[in-house]
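Following: one structure in structure tokens, then a few remarks.
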Amino acid sequence: KAGVTQTPRYLIKTRGQQVTLSCSPISGHRSVSWYQQTPGQGLQFLFEYFSETQRNKGNFPGRFSGRQFSNSRSEMNVSTLELGDSALYLCASSMRTSGTGGELFFGEGSRLTVL
Amino acid sequence: AQTVTQSQPEMSVQEAETVTLSCTYDTSESDYYLFWYKQPPSRQMILVIRQEAYKQQNATENRFSVNFQKAAKSFSLKISDSQLGDAAMYFCAYSLLGGAQKLVFGQGTRLTINP
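First to last, the protein sequences are chains V and S.
So that you can map any letter, position 43 of the first sequence is 43 in the numbering used here, and since no number is skipped, the others follow by simple counting.
Just remember that the numbering used here sits 115 ahead of the position in the second sequence, which is counted from 1.
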């Protein structure tokens, strides 16, 4: 079974631009969550989508948004990029059924550098 | 707000020895999950072990076991017979039962295995 696939793996943007990251979950997984990983702030929860609906949201500004499609694939978008948005963005998928709490399957991440 | 603290930024151990990674957390909830995730240099996070707070018995997974002290809000990970492949960043994480896709992570402990 294929794992969680994130694209692109690396990208460089300049301040003020916007970026879209993509995540394809494991087949059969309907929940996709996103995390930002930086050396200073560590791993922080961005949001979770389940059945095309945002179920949870972290404490990030409105420049960070996401969506989920009917095939469970998810995208996240960051508009008006700032230097502090440079990070590894991790996507994780899960079954999100009772008794499977917390068993997230992570992708390898998208490394965003903002210049 | 829930917080997770890992007080050991770095640890090292000789191959075949045992090492314990520390984690404390703060929550006012009574039902929750605790996890240890491993992030090798390839960056893909992998679930090592999970503990449900309502279970008194400590979780074990082969060479990995936890010491869960609910009253003390402590959740340490013991790795027995350390192997070179255990070298990675280890993250302690917490989630509520109902929000199991929203993990709160500690800052991580970098584990080095010395041959």
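A virtual CB, placed ideally from N, CA and C, is assigned to each residue, including glycine.
Just so we're clear, the structure is a prediction, and the values are computed from it rather than from any experiment.
Exposure label - residue i; buried when at least 16 CB within 10 Å
i: ASP60/S; result: No information on residue 60/S is available, as it lies outside the stretch 116 to 230 that chain S covers here.
i: ILE12/V; result: exposed
i: SER72/V; result: buried
i: PRO25/V; result: buried
i: GLN184/S; result: exposed
i: LEU218/S; result: buried
i: ALA148/S; result: The question names Ala, but residue 148/S is Tyr in the sequence shown. Counting Cβ neighbours within 10 Å, TYR148/S comes out buried, since at least 16 surround it.
i: LEU104/V; result: buried
i: PHE69/V; result: exposed
i: GLN216/S; result: buried
Alpha carbon of residue i to alpha carbon of residue j, nearest angstrom
i: SER74/V; j: TYR209/S; result: 24 Å
i: ARG111/V; j: LEU226/S; result: 23 Å
i: TYR35/V; j: PHE45/V; result: 5 Å
i: GLN17/V; j: LEU162/S; result: 34 Å
i: LYS57/V; j: PRO230/S; result: 43 Å
i: ARG15/V; j: ASN59/V; result: 21 Å
i: SER157/S; j: PHE106/V; result: 12 Å
i: GLU52/V; j: LEU90/V; result: 19 Å
i: THR175/S; j: LYS153/S; result: 15 Å
i: THR7/V; j: ALA116/S; result: 32 Å
i: SER189/S; j: LEU115/V; result: 41 Å
i: SER186/S; j: THR120/S; result: Note on residue identity: the sequence assigns Ala, not Ser, to residue 186/S. Rounded to the nearest angstrom, the two C-alpha atoms are 16 Å apart.
i: PHE179/S; j: ASP146/S; result: 23 Å
i: SER31/V; j: GLN222/S; result: 25 Å
i: MET160/S; j: GLU108/V; result: 8 Å
i: SER22/V; j: TRP151/S; result: 26 Å
i: ASP85/V; j: PRO61/V; result: 11 Å
i: GLN172/S; j: CYS207/S; result: 18 Å
Same chain only: Cβ atoms within 6 Å of residue i, ignoring 5 sequence neighbours per side
i: THR20/V; result: GLU75, ASN77
i: LEU136/S; result: LEU192, TYR205, THR224
i: GLN129/S; result: ASN229
i: GLU125/S; result: ARG225
i: GLN93/V; result: One point to set straight first is that residue 93/V is Ser, not Gln, in the sequence displayed. For SER93/V, where only same-chain residues beyond five positions count, the Cβ hits under 6 Å are VAL4, PRO25, ILE26, HIS29, VAL32, PHE105.
i: THR118/S; result: ASP141
i: ALA131/S; result: ASP196
Contact with chain B by residue i, beta-carbon distance below 8 Å
i: PHE69/V; result: Structure shown: chain B not included; protein chains present are V and S.
Residues near residue i in its chain [Cβ-Cβ closer than 8 Å; skip 5 each side]
i: GLY66/V; result: TRP34, LEU46, PHE47, TYR49, GLN54, SER74, GLU75, MET76, ASN77
i: PHE64/V; result: LEU46, PHE47, MET76, ASN77, VAL78
Residues near residue i by beta carbon distance below 7 Å, same chain, minus five either side
i: ALA202/S; result: LEU226, THR227, ILE228
i: ALA87/V; result: GLN36, GLN37, THR38, LEU112
i: GLN123/S; result: LEU136, SER137, THR224
Is it true that the stretch 75-85 of chain V meets the stretch 151-168 of chain S, where meeting means three or more beta-carbon pairs spaced less than 8 Å apart? no
Contact between the stretch 135-143 of chain S and the stretch 37-51 of chain V is defined here as three or more beta-carbon pairs at a separation below 8 Å; is this criterion met? no
Considering only residues of the stretch 29-54 of chain V, which uninterrupted beta strand (DSSP E) runs meet the minimum length of 3 residues and lie entirely inside it, listed in chain order? 31-38, 42-50
Contiguous beta strand (DSSP E) assignments of at least 3 residues, all confined to the stretch 135-209 of chain S: 139-141, 147-154, 161-167, 179-184, 189-194
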